[in-house]
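Chemist:
There are 2 protein chains.
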Amino acid sequence: MDEALFEVALKQKTGEVQTIISDILSGYLKEKEEPYVQTILDAMEYSFLAGGKRLRPLLMRETYRLFDQNLEGKETLGTFMTALEMIHTYSLVHDDLPAMDNDEYRRGKETTWKVYGDGMAVLAGDALMNSAFEIAFREIDDLMEEGRTQAEIGRAAKCGVILSRKAGIDGMLGGQVADVEAEKKHLPMDLQKILFIHEKKTAALIETAMGIGAELAGASKEEYEKVVEIARKVGIAFQIQDDVLDVIGDSAELGKHVGSDAESGKETFVTLRGLEISQREVKRLSDEAIELLGDLPGDHAFLEELIRHLIYRRK
Amino acid sequence: MDEALFEVALKQKTGEVQTIISDILSGYLKEKEEPYVQTILDAMEYSFLAGGKRLRPLLMRETYRLFDQNLEGKETLGTFMTALEMIHTYSLVHDDLPAMDNDEYRRGKETTWKVYGDGMAVLAGDALMNSAFEIAFREIDDLMEEGRTQAEIGRAAKCGVILSRKAGIDGMLGGQVADVEAEKKHLPMDLQKILFIHEKKTAALIETAMGIGAELAGASKEEYEKVVEIARKVGIAFQIQDDVLDVIGDSAELGKHVGSDAESGKETFVTLRGLEISQREVKRLSDEAIELLGDLPGDHAFLEELIRHLIYRRK
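Just so you know, the sequences run in chain order Y and H. If you read the first sequence in numbering that gives the first Met the number 0, its first letter stands for residue 0, the second for the next number, and so on. If you read the second sequence in numbering that gives the first Met the number 0, its first letter stands for residue 0, the second for the next number, and so on.
1. Across the segment 172 to 187 of chain Y and the segment 115 to 129 of chain H, are there enough close Cβ pairs to call them in contact, namely three or more that are closer than 8 Å?
2. Rounded to a whole number of angstroms, what is the C-alpha to C-alpha distance between E206(H) and S259(Y)?
3. Nearest by alpha-carbon distance to K157(Y): which of R137(H), A166(H), E145(H), C158(H) is it?
4. Taking just the CA atoms, how far does M0(Y) sit from L361(H)?
5. For the ligand SAH, any of its heavy atoms closer than 8 Å to the Cβ of G107(H)?
6. Please determine, among R64(H), T13(H), I20(H), the residue with the shortest C-alpha to C-alpha distance to A218(H).
7. Does DSSP put E74(Y) in a helix, in a strand, or in coil?
8. Using the rule of at least 16 other Cβ atoms within 10 Å of the residue's Cβ for burial, across every protein chain shown, is T148(Y) buried or exposed?
9. Could one say the Cβ of Q175(Y) lies closer than 9 Å to chain H's Cβ atoms, at least one of them?
10. Count the other CB atoms, across all protein chains shown, that sit within 10 Å of the CB of I276(Y); report buried if there are 16 or more and exposed otherwise.
11. Taking E266(H) as the reference, which of M188(H), V246(H), K225(H), D298(H) has the closest Cα?
12. Please name the residue, chosen from L194(H), N129(H), S21(H), M99(H), that lies closest to R53(H) on a Cα-to-Cα basis.
13. If contact means a Cβ-Cβ distance below 7 Å, which residues of the segment 265 to 295 of chain H contact chain Y?
14. Within the 9 Å Cβ cut-off, does F132(Y) reach chain H?
15. Mind pulling the alpha helix (DSSP H) runs of 4 or more residues that sit fully within the segment 6 to 89 of chain H?
16. Quick one: what does DSSP say R231(H) is sitting in, helix, strand or coil?
17. Kindly list, in the order they appear in chain Y, the residues whose Cβ is closer than 7 Å to that of R164(H).
18. Which residues bound the alpha helix (DSSP H) around K113(H)?
19. Can you pull the chain Y residues whose beta carbon is under 8 Å from the beta carbon of H93(H), in chain order?
20. Could you name the residues of the segment 53 to 72 of chain Y whose beta carbon sits closer than 7 Å to any beta carbon of chain H, in the order they occur along the chain?
21. Please state whether DSSP places R265(Y) in a helix, a strand or coil.
22. Which class does K165(H) belong to by DSSP, given the choice of helix, strand or coil?
23. If you measure beta-carbon to beta-carbon, which residues of the segment 9 to 36 of chain Y are closer than 8 Å to chain H?
24. For E133(H), count neighbouring C-beta atoms within 10 Å of its own C-beta (all shown protein chains included) and say buried if the count is 16 or more, exposed if not.
25. Need the endpoints of the alpha helix (DSSP H) that H185(Y) sits in, please.
26. Can you tell me the Cβ-Cβ gap for L24(H) and F47(H), rounded? I've got them flagged as a contact below 8 Å.
27. Is the separation between the beta-carbon of N129(Y) and that of G167(H) shorter than 9 Å?
28. Apart from the five residues just before and just after V269(Y), which ones in its own chain have a Cβ nearer than 8 Å to its Cβ?
29. Which of helix, strand or coil does DSSP assign to R279(Y)?
30. Does the distance from the CB of A203(H) to the CB of D169(H) come in under 9 Å?
31. State the start and end residues of the unbroken alpha helix (DSSP H) segment that holds G212(H).
32. Do we get a CB-CB distance below 9 Å when we pair V179(H) with the residues of chain Y?
33. Leaving out five residues on either side along the sequence, give the residues of the same chain with a beta carbon under 8 Å from the beta carbon of H299(H).
Structure representation (structure tokens):
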């Protein structure tokens, strides 16, 4: 896919995703309006709108499109796109807390706890996670009330399982724990643990995004497995590239100091294996992901380019 | 119901509840065993086992029993009993954090953050909430896989909605926000806000307990509404009694200093309305709850005594 064409498509698709999830969030917050809880609604909205590229809901929607080109009126898809972004947002809000990474800024904006206090940020994160699952349960209940087919209800229930599993100890939270513990206790880092953290902390939500997209669009079990395998490779490559960029990146583009990992003595894939092997690993994972993508139905030109774009980014 | 007989029944039923939820928790944690995440499994277990009277799952099970005497093999009930206790536990873990109430002890044991650090306690709370919803989604998915009736699946989905709504901004989290904000910002407290906090922070999970019990046992819509109304009255009476005990309680029995609310300048139902009116309000709510209970089917002798016991406790 041509680079300029891709940029146009990316911008348009991201805009569509942004509209879908913002509308669902606004409707949700509006429904909860109540003077005594206004602050947490504000804190949730602040955290959510500070969000970046909406990569996860975009990946979910583009994966869905491989198996079903008709995206009109796919409300369950919109619900899970929003739920996943809520989960991603809550994890950032809690991650930034003084009790965790103690970050005061994220993407140039003050973090939620800096603006609302750390107690309210704990609650805002809790509320974002709770809301993600609340809208998912309500989706299943709505489908039943509307008398939808067993297949549709079953898929939504499966997506609830995927989301809660991969956001939990089997996924993102498991990676967080290993990461926080290694850092706080200064435990030795080895390649196995780094790969565990990359796989759980980052790849798990990419797997959720693409897995739910496939599941909702009615992919077969084999196709679903293939999609999750692609997502896993993309997620790990993305994180190794992060370590690579810390060494060779451009400070201005990255928006952070280059070489910070080495200076702080943080062990990464690159400090353990060296730059060359790391870059080769990124290429291997990316090539394998794109090759697997070729086995899937539909038009995958955009998704293929998006994967390259994500992995071979310079910031 | 005779007091001695009630004590025996309470002990036995609490023991049964304890066994059901501990077994489900153990099975769940066992399934997640993985060296890198062991600490959070330990922190979750520590928090959960530090738990007290298992009041919420007990109320759920006893409410279920009103509508269906056969408790054998009711796995969905066990799942939601455990999920609710996980939600209750996560709220205590986050409540105790330095960023929130900064409590070092709960029921004579060190709080989770004192033992595991505040970063790990944030994650342990997150993991408990996530796990609650994970087991609920898996329950719905299992029922579908087993080809259970539409009615059974529909009830489980409704219970997912009840749990996530009442644990969220419409319920417990909403109450938490109003409470934290009033305290941190020293906002003026009035009766309306106190009742809002009591209703959301405490009554909402009692409503969840009894409401899910009724829903799973197949109660009619009218019966469900009545059950939730009973639970609301019990929850609010329970909290006003808490304020009353701060004035007239026995320090030794309460395990805390009596009169602490007045000394700290904390406004409560009692400081605003006086002891006599507060006690009358507790009696009114309790009488109304018990009268409403009389309209429900089944044998409510135990549940009636449990409500009296909860409200007119001395500690």
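Don't be surprised by glycine CBs; every beta carbon is placed ideally from N, CA and C.
Modeler: The short version:
1. yes
2. Translated into the one-based positions of the second sequence, residue 206(H) becomes position 207. Translated into the one-based positions of the first sequence, residue 259(Y) becomes position 260. Each residue's alpha carbon lies about 51 Å from the other.
3. Locating residue 157(Y) in the first sequence gives position 158, counting from the first residue. The residue with the shortest Cα to Cα distance from K157(Y) is R137(H).
4. Any property of residue 361(H) remains undetermined from this structure, which presents chain H solely from 0 to 314.
5. Among the components modelled here there is no ligand, and therefore nothing to report on the ligand SAH.
6. Numbered from its first residue, the second sequence carries residue 218(H) at position 219. With distances taken between CA atoms, A218(H) lies nearest to R64(H) out of R64(H), T13(H), I20(H).
7. Locating residue 74(Y) in the first sequence gives position 75, where the first residue counts as 1. Note: E74(Y) maps to helix in three-state DSSP.
8. Here residue 148(Y) refers to the residue found at position 149 of the first sequence. By the neighbour-count rule (16 or more Cβ atoms within 10 Å), T148(Y) is not buried but exposed.
9. Counting from 1 along the first sequence, the entry for residue 175(Y) is found at position 176. So, interface residue.
10. Here the question's residue 276(Y) lines up with position 277 in the first sequence. I276(Y) comes out exposed.
11. For the purposes of this step, residue 266(H) is identified with residue 267 of the second sequence, where counting begins at 1. Checking every option, the nearest Cα to that of E266(H) belongs to M188(H).
12. Your numbering for residue 53(H) matches position 54 in the second sequence. Nearest to R53(H) by C-alpha distance, out of L194(H), N129(H), S21(H), M99(H), is S21(H).
13. none
14. For this step, residue 132(Y) is matched to residue 133 along the first sequence. It does: the Cβ of F132(Y) has a partner Cβ on chain H nearer than 9 Å.
15. 37 to 48, 54 to 66
16. As a first step, residue 231(H) must be located in the second sequence, where it is residue number 232. Helix, per DSSP.
17. Residue numbering aside, residue 164(H) sits at position 165 when the second sequence is read from its first letter. What R164(H) touches in chain Y: E133.
18. For the purposes of this step, residue 113(H) is taken as residue 114 along the second sequence, with counting starting at 1. 111 to 115 is the extent of the alpha helix (DSSP H) around K113(H).
19. Working through the second sequence from its first residue, we reach residue 93(H) at position 94. Within chain Y, the residues near H93(H) are V121, L122, D125.
20. none
21. Here the question's residue 265(Y) lines up with position 266 in the first sequence. It is Lys, not Arg, that sits at residue 265(Y) in the sequence shown. Here K265(Y) sits in coil by DSSP.
22. As a first step, residue 165(H) is located in the second sequence; it is residue number 166 there, counting from the start. Three-state DSSP puts K165(H) in a helix.
23. K31, E33, Y35, V36
24. Taking the second sequence and counting its residues from 1, the one referred to as residue 133(H) is at position 134. Label assigned to E133(H): buried.
25. The residue given as residue 185(Y) occupies position 186 in the first sequence. Premise fails: H185(Y) is in no alpha helix (DSSP H) and is neither H nor E.
26. Taking the first residue of the second sequence as position 1, residue 24(H) is located at position 25. Taking the first residue of the second sequence as position 1, residue 47(H) is located at position 48. With a beta-carbon spacing of about 6 Å, L24(H) and F47(H) fall inside the 8 Å limit used to define contacts.
27. Within the first sequence, the letter at position 130 stands for residue 129(Y). Within the second sequence, the letter at position 168 stands for residue 167(H). Yes, the pair counts as a contact, with Cβ atoms nearer than the cut-off.
28. On the first sequence, position 270 is the one that residue 269(Y) refers to. Excluding sequence neighbours, V269(Y) sits near I239, D242, V243, D245, V246, D260, S277.
29. Residue 279(Y) sits at position 280 when you count from the first residue of the first sequence. Residue state, collapsed to three classes: helix.
30. The residue you call residue 203(H) lines up with position 204 of the second sequence. The residue you call residue 169(H) lines up with position 170 of the second sequence. Yes, the Cβ-Cβ distance between A203(H) and D169(H) is below 9 Å.
31. Translated into positions along the second sequence, residue 212(H) becomes position 213. Residue range 203 to 215 is occupied by the alpha helix (DSSP H) that includes G212(H).
32. Here the question's residue 179(H) lines up with position 180 in the second sequence. Yes, its Cβ sits closer than 9 Å to a Cβ of chain Y.
33. Translated into positions along the second sequence, residue 299(H) becomes position 300. The answer, listed in chain order, is L65, L292, G293.
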